[in-house]
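What follows is a single structure, written as structure tokens, with notes after it.
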């Protein structure tokens, strides 16, 4: 039974004590709720009242070995190679070997993967050596979330609350025992046996992104404030082919198009990508995004183009119906003209340091999916490994959690929130201005191509912005916009700190002042109190 206060004003008041609170209603959060034992009291929080999530927007698919001509060893090798020497091999091996069972679980839940006859259809994506990416046309994420939601809604002890952001974690004696939420215009505390952060990444820290607007780094910010360790935040993946169009600034053009023959070209129709890597348009994302960025800077062009005219209208309409329909609504026929594209912030490879079962350095706190850093992705994520990671981690977390939950303690007094002299902000334009400034300076100074000078400029300005935002945060009543601004500023500062600590160019961290690789590949781990 689902109690959705946002959709039903007459819903019962929200209880204050739970066994597990899951923050985030994308693939990782939904799968966790689905896999947890039925008897547990589970609260699923969604920051937004709207359906979109990064999981739902995923177009490409789920990487898994399902064909006789493929192998675990090949998938493992591709992942390690894309990760530029920084992947945690045991994590990679486990995820790859668990993938087929994960696919079977999804099929049992009614996930409608595309098929060729009786066999599952697969496509090729960049840096994969085999066609192993399973898909549901070009809306795999949407089909996945729909399948999970159908099952989760029948869970008897689950309560879903939409439009309820989480603010901070509740720590007692070094353990996470609950969290604070914004319930309408009121702050309140919820106590629970465990908090599961499954709230995605921080694409909106950058001016140009493929992520939905709620991707503001909330999970990383909450975990940092609570004292959890963070890992490899400097590795932010920029997708090479985001649509360049004023009416669709976050619309992704799936990597699967390149797997089906699309080629990245400049305004003259020239394939410039092979000058950088012999794999050309099928090079890993970090390499291709940098090649596009360099081409645009050298030529002064506002974009490059993705040319898939060779596949024809019938194929595009069948294989990529949503992309094709969206482009045609915008006046672009991909069967007749190249698609204008630019790189955009897409995925956070670093995050809250976690094991594959979600366990973090803070007892009682788990982190799953994009908000977590398990070592699977290393310095650069292999395409279509992200949904796989979210689902496998959720399964492992759901098996682990019941063994660690404390007994009921109904006698604990919940703390009341004291607003003090806080009042409504009278200069909302300052929030909007700071939000835009943070995103632009991160794009300009901490984007695809970095230098120490640029990063230090970002650090200097962010220190002032963070101080200003903190004053707003404590002096005025908290609103969703103010909360997101505060999280954006904090996460940006943490990424900058991590980037300054990496004295090499590895994967997604390309720094012109350190063009080579360090002799030993090391993770960047930061802890509370260090900055």
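Numbering (the working numbering), first residue to last: 281 to 811. Backbone N, C-alpha and C fix where the C-beta goes; we use that ideal spot for every residue, glycine too.
Figure out for me which residue from the options has the closest Cα to the Cα of residue i.
{"i": "residue 477", "options": "577, 719, 757 and 501", "result": "501"}
{"i": "residue 628", "options": "373, 486, 382 and 463", "result": "486"}
{"i": "residue 617", "options": "637, 548, 528 and 599", "result": "548"}
{"i": "residue 684", "options": "320, 804 and 808", "result": "320"}
{"i": "residue 748", "options": "680, 431, 586 and 717", "result": "717"}
{"i": "residue 710", "options": "727, 724, 746 and 733", "result": "746"}
{"i": "residue 318", "options": "435, 429, 405 and 430", "result": "435"}
{"i": "residue 296", "options": "310, 322 and 480", "result": "322"}
{"i": "residue 791", "options": "398, 714, 720 and 735", "result": "735"}
{"i": "residue 807", "options": "506, 382, 438 and 391", "result": "506"}
{"i": "residue 606", "options": "581, 468, 531 and 410", "result": "531"}
{"i": "residue 780", "options": "341, 304 and 740", "result": "740"}
Note down, in chain order, each residue of its chain lying with its Cβ closer than 6 Å to the Cβ of residue i, except the 5 sequence neighbours on either side.
{"i": "residue 670", "result": "307, 308 and 649"}
{"i": "residue 513", "result": "630, 774, 775 and 778"}
{"i": "residue 376", "result": "352, 355 and 356"}
{"i": "residue 571", "result": "553 and 556"}
{"i": "residue 772", "result": "485, 718, 722 and 742"}
{"i": "residue 587", "result": "543, 545 and 618"}
{"i": "residue 601", "result": "417"}
{"i": "residue 801", "result": "365 and 366"}
{"i": "residue 408", "result": "358"}
Taking all protein chains shown into account, do 16 or more other C-beta atoms lie within 10 angstroms of the C-beta of residue i, making it buried, or fewer, making it exposed?
{"i": "residue 494", "result": "buried"}
{"i": "residue 568", "result": "buried"}
{"i": "residue 455", "result": "exposed"}
{"i": "residue 298", "result": "buried"}
{"i": "residue 635", "result": "buried"}
{"i": "residue 491", "result": "buried"}
{"i": "residue 402", "result": "buried"}
{"i": "residue 798", "result": "exposed"}
{"i": "residue 793", "result": "exposed"}
{"i": "residue 712", "result": "exposed"}
{"i": "residue 796", "result": "exposed"}
{"i": "residue 358", "result": "buried"}
{"i": "residue 340", "result": "buried"}
{"i": "residue 396", "result": "exposed"}
{"i": "residue 751", "result": "exposed"}
{"i": "residue 482", "result": "buried"}
Taking only beta-carbon atoms, is residue i less than 8 Å away from chain D?
{"i": "residue 585", "result": "Protein chain content of the structure displayed is limited to a single chain, and chain D is not contained in it."}
Pop quiz: residue i and residue j are said to be a contact at Cβ under 8 Å. What is the actual Cβ separation, rounded to whole angstroms?
{"i": "residue 646", "j": "residue 474", "result": "6 Å"}
{"i": "residue 324", "j": "residue 345", "result": "Rounded, the Cβ-Cβ distance is 31 Å, inconsistent with contact."}
{"i": "residue 461", "j": "residue 437", "result": "Not confirmed; about 19 Å, so no contact."}
{"i": "residue 515", "j": "residue 787", "result": "6 Å"}
Tell me which residues share the same chain as residue i and place their Cβ nearer than 8 Å to its Cβ, disregarding the 5 neighbours each side in the sequence.
{"i": "residue 560", "result": "543, 544, 551, 553 and 554"}
{"i": "residue 380", "result": "344, 345 and 346"}
{"i": "residue 837", "result": "With the chain running from 281 to 811 in the structure shown, residue 837 is simply not present."}
{"i": "residue 528", "result": "606 and 610"}
By Cβ distance, which residues of its chain are closer than 7 Å to residue i, with the 5 residues on each side in sequence left out?
{"i": "residue 753", "result": "762 and 766"}
{"i": "residue 632", "result": "477, 499, 500, 503, 508, 510, 640, 647, 651, 652 and 653"}
{"i": "residue 678", "result": "312, 315 and 316"}
{"i": "residue 371", "result": "636, 654, 655 and 656"}
{"i": "residue 463", "result": "294 and 444"}
{"i": "residue 612", "result": "619"}
{"i": "residue 431", "result": "314 and 389"}
{"i": "residue 300", "result": "316, 320, 322, 472, 473, 474, 476 and 681"}
{"i": "residue 624", "result": "488, 489, 490, 518, 519 and 522"}
{"i": "residue 573", "result": "623, 728 and 729"}
Cβ-heavy atom distance between residue i and the ligand SAM below 7 Å?
{"i": "residue 460", "result": "In the structure on display, the ligand SAM does not appear, and there are no ligands present to speak of."}
Where in the region 523-587 do unbroken runs of the alpha helix (DSSP H), each at least 4 residues long, occur, reported from the N-terminal end onward?
Runs found: 536-539 and 565-579.
Could you tell me which whole beta strand (DSSP E) segments of length 3 or greater appear in the region 320-374?
Counting only runs of 3 or more, we get 322-326.
Which complete alpha helix (DSSP H) runs does the region 706-761 hold, if anything under 4 residues is left out?
Within the region 706-761, the runs of alpha helix (DSSP H) that reach at least 4 residues and sit entirely inside it are, in chain order, 708-725 and 732-755.
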